[in-house]
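First comes the structure, then the notes that go with it.
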Amino acid sequence: MSTTAMQSERGAAVSPPPSSPRPVGRRRSTSTVVATSVTYAVLVVLAIVYIMPFLIQLATSFKTDAEAASNPVALIPQTFTTAAYAKLFLNSDFPVWFANSAVVTIVVTLGRVFFDSLAGYALARLHFRGRSVVFAALVAIMAVPTVVLLIPKFLVINQLGIYDSYTGMIVPLLTDAAGVFIMKNFFESIPASVEEQARIDGAGTFRVFWSVVLPMARPALITIIILSFQGSWNELAHFIVSTQSPALTTLTKGVAGLASGQLSQGTQYPLKLAAAAVMTIPVAVVFFIFQRRIMNASEGAVKE
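So the number in this note's numbering is just where the residue sits in the sequence shown, counting from 1, plus 15.
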C-alpha cells in the first residue's frame, strides 16, 4: 500500500464526525411560541384599554361625590356607598325612563325582525318591476347620515298626528335599511331548490317564507335581534324629535338630562355613571346570550 493511501486512511480514521444540523422543528416551535406570546400580550393590552373605562365607571358609581371629583380614575373606592343608586331609583324618574325604553326596544326589535325579513325575502326571491330601483334606494338610504333626516322626520311625525306618543316613538323605527340588506343577502345564499317542494305541495309565497325559509335564516335573525335591540335601546336623536312629554322620556334622554345637572348641583359623577352602568346591563345580557350565534354562517346551511 502506498504512503499516500495510508495517510488518507489514517486521516479518515482520526477525523471527527460531522456535526449534526440543528433540528428545524425546534426552531419553528420556538418562533411559534414567541409569536403567540407577542400576540396574546397585544390582545391583553387592547382588552385592558377597552375594559378600563367600564371598570372606572363601575367603581366611580360607588364613590361619594367628593371622592369622585378628587380622584375619578381610582378603581377602588375609599368609601363604598350605594347612595348614587338609591338616589337614582328612589328620587328620580329613572324607573319611568327604564320602562319606556324597555317597551319601545322590545316592540321595535320584534317589528324589525318581522318587517326586515319580509322585505329582504321580497328583494331576494320575488321578481317585480322596479326591484333594482328599490334596492338602489335602500343602499342610498344607508349612506345618508341620520342627523340629516331629523327635521323631515319631525315634520312627518307631526303631520301624521303621532307626535309625543308611543306610536311616534315606535313606528319610524320598525324597519331599517341595514337590516333589510342583511336579510336579503342571507336569503340569496339559501338555494332556491329548498322552496320547490313546498310550492309543489301548494304552499303560497308567505307560507314558504314563514315555514321553510325563515327558520333557516336563524343566524341572520339573531344578528338583527342584537343590532335592533342595541340600536333602539341607545337611540337618542329620534326620541328628541318625536317626544317632549316627561312621561315618555327614555333612558337616553334621561341620562342626557342627568349629565346637564338635572337632579342637583355639582359634578354628580357617581349618579351619572350609576345610570350609565344600569343602562348597559340589558344590552350586555342580550349580547352574551346570542354572541355565539351571531352570523354563524355554518348554521342552517344547505347543500345543493
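Every residue, glycine too, gets a C-beta built ideally from N, C-alpha and C.
In terms of Cα proximity to Ala98, the closest of Ala84, Val111 and Lys78 is Lys78. Remark: C-beta atoms of Leu288 and Thr75 approach each other more closely than 7 Å.
When DSSP states are grouped into helix, strand and coil, Lys78 belongs to the coil group. With contact defined as three or more Cβ pairs closer than 8 Å, the region 188–200 and the region 236–256 are in contact. Bounds of any alpha helix (DSSP H) do not take in Arg144, whose DSSP letter is neither H nor E. Between the region 207–221 and the region 146–154, the count of Cβ pairs shorter than 8 Å is below three; the stretches do not touch. Secondary structure in the region 78–119: the alpha helix (DSSP H) runs of 4 residues or longer, each lying completely within the stretch, are 80–85 and 98–105 in chain order.
If you look at Val171, you'll find it in the alpha helix (DSSP H) that goes Leu165 to Gln174.
Between Phe254 and Val301, the C-beta gap is not smaller than 7 Å, which leaves the two residues out of contact.
Shown here, Val128 sits in a helix according to DSSP, grouped into three states. Of the other Cβ atoms in all chains shown, 16 or more fall within 10 Å of the Cβ of Tyr136; this residue is therefore buried. In the DSSP assignment, Ile239 falls within the alpha helix (DSSP H) that extends over Arg233 to Trp248.
In the pairwise beta carbon analysis, the region 175–189 is classified as touching the region 257–264: at least three pairs are separated by under 8 Å.
Taking C-beta atoms under 8 Å as the contact rule, Leu133 and Met184 fail to qualify, at a distance of about 22 Å. For the options Ala252, Gln306, Val49 and Ser52, the alpha carbon positioned closest to that of Val162 is the one of Ala252.
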